[in-house]
Every structure is written in structure tokens, then in C-alpha cells.
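A.B. asks: Right, I'll just put the structure down here and ask away after.
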Amino acid sequence: MVTPEISWIAILPELLLALGAAAVLLVEVQWKPRTLVLGALAGGSVLLAAGFSVIQWIQAGDAAGAGDPSELIVFSGLVVMDGLAVFARFALLAVTGLGLLAGWRYIEGLGRRGAETIALVLLATAGFSIMVASNNLVMMFLGLEVGSIALYVLAGMSRERARSDEAAIKYFLLGSFASALFVYGVALIYAGTGEFEIIAIRDFLSSFVVLSPAVILIGLGLVIVGLGFKVSAAPFHSWAPDVYQGAPAGLVGYMAAMAKIAGFVAMVRILLTGLEAFESRWLPVVAGIAALSMLVGSILALVQDDVRRMLAYSGVAHAGFIMTGVVGGTTEGVLFYLAVYALQLVAAFAVVAAVSGPANSESGLDAYRGLSRRSPVLGASFAVLLFGMAGLPLTSGFIAKFGVFAQAWSSGFEWLVVLAVVASVVAFAFYLRIIVYMYMDEGDAGGIEVPAPVGWVLAVAVGTTILWGILPGSLLDLAANALPL
Amino acid sequence: MLTWLVLLPVIGALVVLMIPGRRKELHLPLGIALSILPLALALYVFTVFEPVAGYQMTELQPWYEPWGISWSLGLDGISMPMVLLTTILVPIALAASTSIAHRAREFVIFTLLLEAGMIGVFVSLDLFLFFVFFEAILVPMYFIIGIWGSDRRVYAAMKFFLYTAFGSALMLAGIIALAITHGQQFGEVSFALSDLMRLELGTGAERWLFAAFALAFAIKVPLFPLHTWLPDAHTEAPTAGSILLAGVMLKLGTYGLLRFNLSLFPEASVDAVWIMGALAVIGIVYGAVVAIVQPDLKKLVAYSSVSHLGFIVLGTFALTSGGLQGAVIQNVNHGLTTGALFLLVGMLYERRHTKQISEFGGLQKVMPIYAGFFLFMIFASIGLPGLNGFVGEFLILIGSYATLPALAIIAASGVILAAIYLLWAYERVFTGVPEKEENKVLSDLSVREISLLAPLAGLVILLGLYPNILLDKIAPSTEAVLDHIEATTDYRVPEPGRLGDVFVAEEG
């Protein structure tokens, strides 16, 4: 056993987030400051983490350019600092910053528990951030659990509300079950290959012929199911609507977006890198899950009368679309999709929180009647976000869909693309339904005031939705360089 | 220059957005004034447009190079008339919307954005860009029908959106397939129309792709049996929406068939002439027969569109000079006359708040000027010689007789049926003596209303008497389409189907 090499720069962003979480809790105990001070602490650690990620991004680019990427694998192979990890972390940090802003009114309203909420958010981000940068399946599991457990608690943050408790319990039980499946799968893959490190697994499988791959295949299946649960792909999605509905509106967007980003990046790492030799085995499975998710998500979203449940099912459909990109074998398309969808999701729930109150768990469509009159800003922003999620041209959502569809088509999954475009049209129907309520129905309820932090979230999300819809190159170039090792 | 043509309405929309909401009286006049700018530019484009084949005023900017998409614009004799028509109809549609008091600012903004999108569709030479515009225009139209329509507006708006989005979704898959095939055959992915025309697709793939594109455009036209969204959308839409829907948006379908299906899939197009022609002719007769029995004046005009658009599709798939030229010019003609008819119906609706034919009678006595314009547009629509409809329908019938004689003969009955449903409707609404009290006090057209109709009437006469003002500029481009088909397939246009052959030379 050699002494593990320590590379602080590699985990500095996560350290900063964890330190930020600790600082928030300590400062709260010691000085009991206004929540704004704690928010500034959290924001500071997020910004610092992002700043150091920029350095990592440059390093990753240099190493890839120099043709010697092995130096990016640090901590004796536990952590990898490649473009994929850094890009994903940027997305996670952006979602964290926006998520804190979107949930700010809720956090303030919690009083003393506000500090816990902020700390949990930072811890969740740290966990998922490690998860996307793991080269080792055990490390990945640890990151997944740190992040997930923080999310379970966040889901139950409004503990005086029965729905919130229900959401937390449901999320916790099903989530732990999925984590267990994941770790069991990891164990089986280890049993079959003798390796935990993703790159080592790839090298092993490419240099040896596995005569009886059953153990690895079962492990692979379990890993797919575990991650499928985390990203709420059908048929592992049943928790999503209840959790989306019960958890505090201000935080749901953050929770959902984090799980999606981390889950899919892990999936890309394991499937496209580690087990690429078994591509012919997992491609049909992932394609099937993608197809099912798109259909189930789009069709079930049609019959929802609650905007949060609708967004939950639309999230299932989006999981299917993103998986179409995984099937296409493109990290670029998946990353672009994840980034734009995550921002839209956070902002959409910021709107939900503004319309129905930050802690309320009821967000029936009726509450959106005449929203375009009651608050033109909210109405127009939500409309742009919905069009973006629907994937209409001139929004980033269209570019994202187009990217994954084109990749899947050129990989020979024409049937999946045809199904995906049809599912997109079905999805139009329920996004438009919300627009009908907002624009074509006259609500008599009074005006809605938009809290300033929500306004900033909307500005960022709507701005990028349109910007990346018209000039996608600015983000696509980055995503194209965010390659896994 | 073409970029400006697309951007001017967008800038106009932004300007209107800047005007505060409380200055209600400014929004519509400003919108009309701003919509004159693209019209002026389009007229300039028309005057400098050279009557030669190929694209003019082209612009090319890479959009995102790794994907092979570009901001590629250009105009030829097929798209130029459509751009002109769009820019003519938008100011008229806006000026006809003075009755919209409710959320006028948003209305003007959506209309101008719609205009930008429609122009964009016609000038795009890159299939990705084309699709972006083609799909994006659904949004403003969706809002125009859904917010300012009549009772069942939400249903109609949804139906309109979903129907057309479904068609274009499969076309998107087709576009992806074409671009990737280009990548396989030429080493790089490209969405440029000129690049994709060089592809060797193979019969099976070409037929599938033809079907995917044709479905999208057939829904838009709409071709029988995909037309059911149209009467709903038309009846529920506000007048401006109907004018632009019938005047321009339906033409996106016929334009798409002519521009993309014929050029990209010549082999499959030649194989499909009978199917497409037959569907077109069914549409002609079906639309006309259904129009006869409509109790609602607006629905009657809507079904007449189904019938008239059938002619255009028939002309397109006749694959002769006359057919193609007729199709292009009939696009313009139908936009003018049907736009005017919807405008007229809208004016009547503003006065009486009903569109039921049975509610009227004897209007000739109380509204003579109105009746005069109505009858004039009916004659134009029927295709009375000397008016524009005659030129287009005659060219199409001559052109299609050369290749699809049986269909041409049946289609000719559509002309007679049009006379039946339009004149019968005229008889019921206008002739006799006014019996209902409400009808006796209706006011005739105001100067403002006349000034909206007069330009359309003028164009109807101009194109009827001197169609060469457009045909000269159309012909080289339609000939180029036929040249391309003859060069890539075994198909030869039979005599006397080409320009220069006896028949068409005299007409064209």
C-alpha cells in the first residue's frame, strides 16, 4: 500500500463547499446573524469553488492538448479532473447559486432552520460534485450518498406539512433502495473485473475477453437501474411526482436539477467510458428506457392538473431525451442538454414558488389563470421557459434536443429519434396547456409581486434560454471540449 | 439586405414593446407604420430582382460550424413573390384590427414577430434555419388565435399548434437524416439546400424522406385528409389572424412542396405525382362541396381555401412549366383574394357580430360599396378572366392537362363548384330586400375600410391584366426546378409542357 498522493487543487472546490457549510453552521451558532450573512457565506463559497474550477478547466484543457491526460487522475485514481468533471461542476455550481436565490424567500421564512437548509444545500452540491469527478465507483457511490442524503432532508424541510414529510420519507426509502442497487451493481462489476476504477475497467475489458460476462452484466443492469432512479427515468420515476409536489417549491428545482446532472454524468462515465466494450449489451436497454421515459413522461404529464406534478412528469420525459443522447454516445449533447434543462428547471420552480408561495405544496393550474396579466414578468418568463423545455426553435431547448437527436440518428437509432420527435409533440400539449391558463384565461386574482432574487434567477434562465437558442456556439464549444478521459 | 428584411419586423416588435402599456392609442398605429418598412424594402427587392434562375441577394454566415448550420439567405423567383405577398398583407391585417382594444400591444408584437418568421421561412436556404423559422412561427400564431379569437379559440389554437407541430416533427427527423447522409457521402455534415440536392439517397430512403417532408407540408397546406384543423383555426381566429393564416401560412406548405420536395427528392416526386395530384383533386372537389353547405360565411371561405390550395398542389405535381408557374402565381393570387374575403367577412362581423349566412339578406341595398367589393373578390376567386385568379388557375389546368389529364379534367369542375358556392352565398347574403331590422341600419364601408380593400383590388386587376410583371421573374426559377428534375431522373416533361412549347409560350 503506497501512501495516497494528495492533490488539494483537485478537490478544492468540494472542500470549499464543505467548509462553507461548516462555516454557515458555526457562524449561526456563534453569532446568530441575519440570514443574509449566511447567504453571503454560501454564495462566497460557491463563487470561490467556481473560480477554482476555472483553473481546473484550463489545466484539463492543457493536459488534453499536451496528450498526457493521465496527470489529471489524482488521489491514486480516485478522482479525475477531466473536462467532463469540471463542466458538470460548473453546471452544479450554477444550479446551486440559482437554487439558493430561488429558494431565498423560503429559507428566510424558516428562521433558525435557514442555516441548516443552506448548509445542506452546500453539502449536497459538494457530494454531487465529487460524484461527477469520480474515477472510482466506490468514490462515486460516496458522492452520490452525500448528495442524496442531503436532498432527502431538504425534501422534508417543511416538516410541519404532511406532504413534505411524505415526500421526504418516500424519497428516502426509494432513494436508499436505488442507492443499494447501485452499490450492489458496483460490487458485481468489481467481482467480474477486479477493478473499481472506471478507466481500469475500460482497460481490463478492452484487453481481456470475458468468457462469462453474466456477473458484469447483472452489475451493469443494477447500476443502470440505480442511476435511472436518480434521474427519474421510467419505469423508476414513481417517486418523482410526489417528491416534486411535497418538497418546498423554492428548493425542488435545485433538488431535481442536481440529481439529473450528477446522475447523467455518472451514467456517461460508467457506460461510455468504463463499459464501452459492452456497448452492444447496454445500448438496447438504455434505448428502451429512453423510449419508455419519453412516452410515459409526455403522456402522463398531459393529465396532470398540478403544475409541479406536470413538471415532474416532464422531467421523466426529459430524462428520456437525455438518454437518447447517451445512446448517441455523445457527451457534448448530453452536457449541453443537462446545462440548459437544469437552469430552466430551477427557474420554472422559482416561478412556481412565486405563484403559490414558497412553502405551499399546492400548485394547481387554476392558480395560473391570467398570470400574464397579474404579473407580466412572471408570465412571460414562464412562457419562455416552457417553450424552452418544450424545445421550440430559438430557445436553447431546441438546440439541446436537436443535438441529441442528431447524434442518436447517426449512431443508427433512427427509431428512437422518430419516437422522440413524436413524444416532443405530445409534450407540446401540456406545456401549451399551462400557457393557455396564463395567457388565454382571465384571472381575477390580484397581482403577484416577484421577489428580487427570483427576478435574478428568471433573468439568468430566460436570458440563457434565448441566448443559447440563437447563439448556441458559446456553450456548445465548451461542452465539446468537456471530454471524459 | 434579406437579413434586414427578416430583422425589420423584429426591431419593430421591440420598438412597440418599449412603448408603455398605458399609451394604448399608440400601439396599433405605430405597428402599422413599422410594418410599412419591410414592405418598402420588399418593393425595392422586387424592383432590383433579376429575372434569372438561381438565388439572388444571397448571404452566408456560419452559425455553428461543427454542426454545419449557417445563416444562409437567398431569394429566387419562387420565394420572391411570397415575400412580397407577406409584406403586403401584414400592414393590411394590422390596419384591419382596430377593433382589437384588448391587449393591443401584445397583438402588434405577435403579428410583427409572425411576419419576421414568415419572411424567414421564404428566404432560408439552410434547412436547419428553415426549420427554425417554420416551427417558430407557430408560437405567435398560437397566441393570436388563442388570445384574440372567438369562443372556441383555445381549442382551435391547440389544434392548430399540435397538428402542424406533429407534421414538422417528422420533417425534423428527415432533415437530420439528410444532413447526416451528407456527412456520410461528402465527409461533412451540411444543412445547405444546395449541398443536400447533390445527395444520392437510394429509392427507399428517398421515398421515406419525401413522405416525411410531404406530411409536414400537406398538413400546412392543408391537403385532404389532413385539413381538419383549418376550419377551426380560421373560424376562431381574429380577422388579422385569418388573413395571415390563409394569405401566407398555408402557402408555407405549397412553397415547401415546391422548394424542398421537388428539389431534394426528384425521383420520389416523379413517382408520387399521381398520389399527390389525386389528393389535391380530392381536396379541390371536397373543399368546394363542403363549402356549398356551410352556414357560416367564414367557414365557407375557409373551405374554399382547401379547394383553392388543391389547385396549387396539383400544379406543383403536374411537373410542367405551366403547372409550376401557375402554382407560384396562384399562391399570390389566393393570398390576395382570400385575404380580402376574410377582411370583408371580418368587417361584416364587426357590424353584426355574426357570421351566419342566414342572418343576412339584401345587404346590397344597405351596403352597396361593400357588396361591390365582395362581388369583385368573389369573381377574382372564381377566376373570372381579366382578374388574377384566372391566370393562375388557367396555367395550372393547362399545365396539369399535359401530364395528369384525368385529374385536370376533374379539377376543372372545382372552378364551376367555386362559382356555385360563392355566388350562392352572395345571393343569400346580398340580394333581395333586407328583412331583419338589424340589417337595415348597417353602415356601408368607411374610407378607412375602403383604403384597406382598394390596394388588394388594385393588385387583383394588375395581376389579372398584366401577370407578366410577376411571371417573368418566376419563370426562370420554375424552369430551373424542372431542369433539375430532368437532370436527376428519367422524367421528361412531355410536349407541350415546357416553356417555349406552343401552349404555354402564348400564355406565359
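First to last, the sequence lines map onto chains A and B. Take the first sequence: its position 115, counted from the start at 1, is 97 in the numbering used here, and no numbers get skipped. Just add 60 to the spot in the second sequence (first one is 1) and you have the numbering used here. Even for Gly, the Cβ is constructed at its ideal location relative to N, Cα and C.
Which one of G443/B, A540/B, D543/B has the shortest CA to CA distance from L396/B?
C.D. replies: The candidate whose alpha carbon is nearest that of L396/B is G443/B.
A.B. asks: Would you say the segment 207 to 223 of chain B touches the segment 240 to 247 of chain B, given that touching needs at least three Cβ pairs under 8 Å?
C.D. replies: Judged by Cβ distances under 8 Å, the segment 207 to 223 of chain B makes no contact with the segment 240 to 247 of chain B, as fewer than three pairs qualify.
A.B. asks: If we cut at 8 Å on Cβ distances, does Y421/A have a partner in chain B?
C.D. replies: Closer than 8 Å to some Cβ of chain B, the Cβ of Y421/A qualifies, so yes.
A.B. asks: Measure the Cβ-Cβ separation of W391/A and V404/A and say whether it is below 8 Å.
C.D. replies: Not in contact: W391/A and V404/A (Cβ atoms no closer than 8 Å).
A.B. asks: Which one of Q227/A, S393/A, P15/A, R351/A has the shortest CA to CA distance from M420/A?
C.D. replies: Per the Cα distances, R351/A.
A.B. asks: Bridge partners of Q116/B, per DSSP?
C.D. replies: DSSP, once it has assigned bridges, lists L135/B as partnering Q116/B.
A.B. asks: Flag this pair as yes or no: are the beta carbons of G91/B and V143/B separated by less than 8 Å?
C.D. replies: No; because the gap between Cβ atoms is not below 8 Å, this pair is not in contact.
A.B. asks: If contacts are defined as beta-carbon pairs under 8 Å, then A42/A and L320/A qualify, I think. What distance do you get, rounded to the angstrom?
C.D. replies: Contact doesn't hold; Cβ gap of about 18 Å is too wide.
A.B. asks: At least one CB of chain A closer than 8 Å to the CB of V70/B: is that the case?
C.D. replies: So no, V70/B is outside the interface.
A.B. asks: Report the partner residues of P122/B according to the DSSP bridge assignment.
C.D. replies: DSSP output for P122/B lists S130/B as bridge partner(s).
A.B. asks: Chain B beta carbons: is any one of them nearer than 8 Å to that of S392/A?
C.D. replies: Judged by the 8 Å Cβ criterion, S392/A is in contact with chain B.
A.B. asks: Let's test the definition: count the other Cβ atoms within 10 Å of the Cβ of K242/A and tell me whether it reaches 16, buried, or not, exposed.
C.D. replies: It is buried - the Cβ of K242/A has at least 16 other Cβ atoms within 10 Å.
A.B. asks: I want to know whether the segment 68 to 88 of chain B touches the segment 57 to 64 of chain A - three or more CB-CB distances under 8 Å.
C.D. replies: Contact between the segment 68 to 88 of chain B and the segment 57 to 64 of chain A is absent, because fewer than three Cβ pairs lie under 8 Å.
A.B. asks: Can you tell me which of the three DSSP states E453/B falls into?
C.D. replies: It is helical.
A.B. asks: Our contact map puts G234/B next to F273/B with C-beta atoms below 8 Å; I'd like the distance itself, whole angstroms only.
C.D. replies: Correct: roughly 6 Å between the Cβ atoms.
A.B. asks: Give the interface partners of V403/A over in chain B, defined as CB-CB distance under 7 Å, in chain order.
C.D. replies: Simply A229, L230, L232, A233.
A.B. asks: Go ahead and pull the three-state DSSP assignment for L464/B.
C.D. replies: Coil.
A.B. asks: A244/A to I335/B, Cα distance in whole Å?
C.D. replies: For A244/A and I335/B, the distance between alpha carbons rounds to 51 Å.
A.B. asks: State the DSSP-derived secondary structure class of I197/B, mapped to helix, strand or coil.
C.D. replies: I197/B: coil per DSSP, three-state reduction.
A.B. asks: If you run the structure through DSSP and keep just helix, strand and coil, what is G346/A?
C.D. replies: Strand at G346/A.
A.B. asks: According to DSSP, is V399/A helix, strand or coil?
C.D. replies: Three-state DSSP puts V399/A in a helix.
A.B. asks: For V341/B and L290/B, which I take to be in contact (beta-carbon distance under 8 Å), what is that distance rounded to the nearest angstrom?
C.D. replies: The pair is not a contact, with the Cβ atoms about 18 Å apart (cut-off 8 Å).
A.B. asks: If you draw a straight line from the C-alpha of A259/A to the C-alpha of P195/A, how long is it?
C.D. replies: Taking the straight line from one Cα to the other gives about 11 Å.
A.B. asks: Compare the C-alpha of V181/B against each of V105/B, T241/B, R319/B, E125/B and name the closest.
C.D. replies: Per the Cα distances, R319/B.
A.B. asks: How about L477/B and I438/B: are their beta carbons less than 8 Å apart?
C.D. replies: Their beta carbons are not under 8 Å apart, which means L477/B does not touch I438/B by this criterion.
A.B. asks: Using a Cβ-Cβ cut-off of less than 8 Å, list which residues of the segment 195 to 222 of chain B approach chain A; keep chain order.
C.D. replies: From the segment 195 to 222 of chain B, only E195, A196, L198, V199, Y202, F203, G206, I207, R213, V214, A217, M218, F221, L222 have a Cβ closer than 8 Å to chain A.
A.B. asks: Report the rounded CA-to-CA distance for V103/A versus V366/A, giving the unit in angstroms.
C.D. replies: V103/A and V366/A: Cα-Cα distance of roughly 27 Å.
A.B. asks: Helix, strand or coil: which one does DSSP assign to D50/A?
C.D. replies: Reduced to three states, the DSSP call for D50/A is coil.
A.B. asks: Which residues, taken in chain order from the segment 406 to 417 of chain A, show a beta carbon closer than 9 Å to some beta carbon of chain B?
C.D. replies: So the list reads S406, V407, V408, F410, A411, L414, R415, I417, given in the order they occur along the chain.
A.B. asks: Checking contacts by CB at 8 Å: is V192/B closer than that to chain A?
C.D. replies: For V192/B, the answer is yes, since a Cβ of chain A falls inside 8 Å of its Cβ.
A.B. asks: Can you tell me whether L525/B is buried or exposed? The criterion is at least 16 other CB atoms within 10 Å of its CB, across all chains shown.
C.D. replies: Exposed is the call here.
A.B. asks: Give the residues of chain B in contact with A388/A, contact being defined as C-beta atoms less than 9 Å apart.
C.D. replies: Under the 9 Å cutoff, chain B gives W127, I236, A239, I240, V249.
A.B. asks: In its own chain, which residues sit with a C-beta less than 8 Å from the C-beta of V385/A, not counting the 5 before and 5 after it?
C.D. replies: It is worth fixing the name first, because residue 385/A is Gly in this sequence and not Val. Excluding sequence neighbours, G385/A sits near G307, T312, E314, G315, F318, Y319, L458.
A.B. asks: Do we get a CB-CB distance below 8 Å when we pair A225/B with the residues of chain A?
C.D. replies: Taking Cβ atoms only, chain A reaches closer than 8 Å to A225/B, which makes this a yes.
A.B. asks: In terms of residues, what are the limits of the alpha helix (DSSP H) holding I236/B?
C.D. replies: 213 to 246 is the extent of the alpha helix (DSSP H) around I236/B.
A.B. asks: Would you say A462/A faces chain B, with C-beta separation under 8 Å as the test?
C.D. replies: Closer than 8 Å to some Cβ of chain B, the Cβ of A462/A qualifies, so yes.
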